[in-house]
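In the numbering used here, the protein residues as written are 1 to 322. Ideal placement from N, C-alpha and C gives every residue a C-beta, glycine not left out. No experiment lies behind these values; they were computed from the predicted model shown.
What follows is the structure in structure tokens.
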């Protein structure tokens, strides 16, 4: 491993994140001595610590400088076995080739948002604490949630609330936002949450603005585009027999991962308009999990956020494998 690039951040603020399905991740990635695992969404380093404890070396990526700073402290005792970079997981190809040009034995993508990010008012993700309407994972890059809600047209807002948030009242919410911003722009989280709640109404245990905030977070951080780019780059990094494990928390993400693994694990492609099936030029993987793995009941009880998690795993075909 070559080098450790550590970034600054708020070292006084505890970065807490309960890793989802750690036992299952270790089972499928099989880390051990002589292996290198790329954790492309480092977060609180819970999975990373388990990987290092198993004897593997680790490449850790995270676009959040605060997360990376705290992960560096937590993993400091592992010394040269760890190489960290402040990068979005969609940029892992360059980092992997720089640090481990011979390829890696495993890749982990955990697409969950950390408890720290959700609960820290200053980051703008929280529905229950006042803070700036930001929502950027990397606070130094990209548009803020305030820019989206104050500048995008009504049709675009309705589209993202429907597609990314699966909010049934997406059009009504978008209309209310546009009317309100005409007199007073949105600047803070609770201001927007209150506006959305007035439209949706307060029913059940889930905050009525949850889906809208999810859609804004996914838009601001280009989460679907980044996932697609990360998946496309994974085969070029994995050694033959290397595995990729992806944990999703949203149906759109899970469908994208499912389709990608399927498209890379079919030897042939067949279409109605073709006289015969053709060989698949992208065939390079075998699916290890045909169906998604979910958290066990005991884990869900201890960590309710694991309830919606789905884990899918695929393996690069070995040379000469049929």
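### Query
Alpha carbon to alpha carbon, how far is residue 204 from residue 103?
48 Å
#### Entry: As assigned by DSSP and simplified to three states, the class of residue 41
coil
### Task
Could you please give the first and the last residue of the uninterrupted beta strand (DSSP E) stretch that includes residue 133?
Careful: residue 133 lies outside any beta strand (DSSP E) and carries neither H nor E.
### Message
Helix, strand or coil for residue 288? Go by DSSP, reduced to three states.
### Response
coil
### Query
In this structure, what does DSSP give as the bridge partners for residue 83?
59
### Message
Just to confirm my understanding: we take residue 249, look at its own chain, exclude 5 residues before and 5 after, and list those with CB closer than 7 Å. What are they?
### Response
111, 112, 308 and 309
### Query
Where residue 311 and residue 183 are concerned, what is the direct C-alpha to C-alpha distance, given to the nearest angstrom?
45 Å
### Task
Would you kindly work out how many angstroms separate the C-alpha atoms of residue 7 and residue 101, rounded to a whole number?
Caution applies to residue 7, whose pLDDT of 34 falls short of 50 and renders its modelled position unreliable; the model cannot decide the point.
### Query
Should residue 86 go down as buried or exposed, given a rule of 16 or more other Cβ atoms within 10 Å for buried?
buried
### Message
So, for residue 174: in the same chain, excluding its five sequence neighbours on each side, which residues have a beta-carbon less than 7 Å away from its beta-carbon?
### Response
154, 157, 158 and 161
### Query
Are the Cβ atoms of residue 52 and residue 58 separated by less than 8 Å?
yes
### Query
Would you call the CB atoms of residue 55 and residue 22 closer than 8 Å?
no
### Message
Could you tell me which whole alpha helix (DSSP H) segments of length 4 or greater appear in the segment 137-215?
### Response
145-151, 154-163, 170-181 and 189-200
### Best match in 26, 146 and 313 for proximity to residue 124 [C-alpha to C-alpha]
146
### Query
Less than 8 Å separating the beta-carbons of residue 25 and residue 108?
yes
#### Entry: Secondary structure of residue 222, DSSP reduced to three states
coil
### Query
Leaving out five residues before and five after residue 11 in sequence, what residues of the same chain have Cβ atoms less than 8 Å from its Cβ?
Residue placement at residue 11 is flagged as unreliable, the pLDDT there being 38, under the threshold of 50; the coordinate-derived value follows with that caveat. Excluding sequence neighbours, residue 11 sits near 69, 70 and 73.
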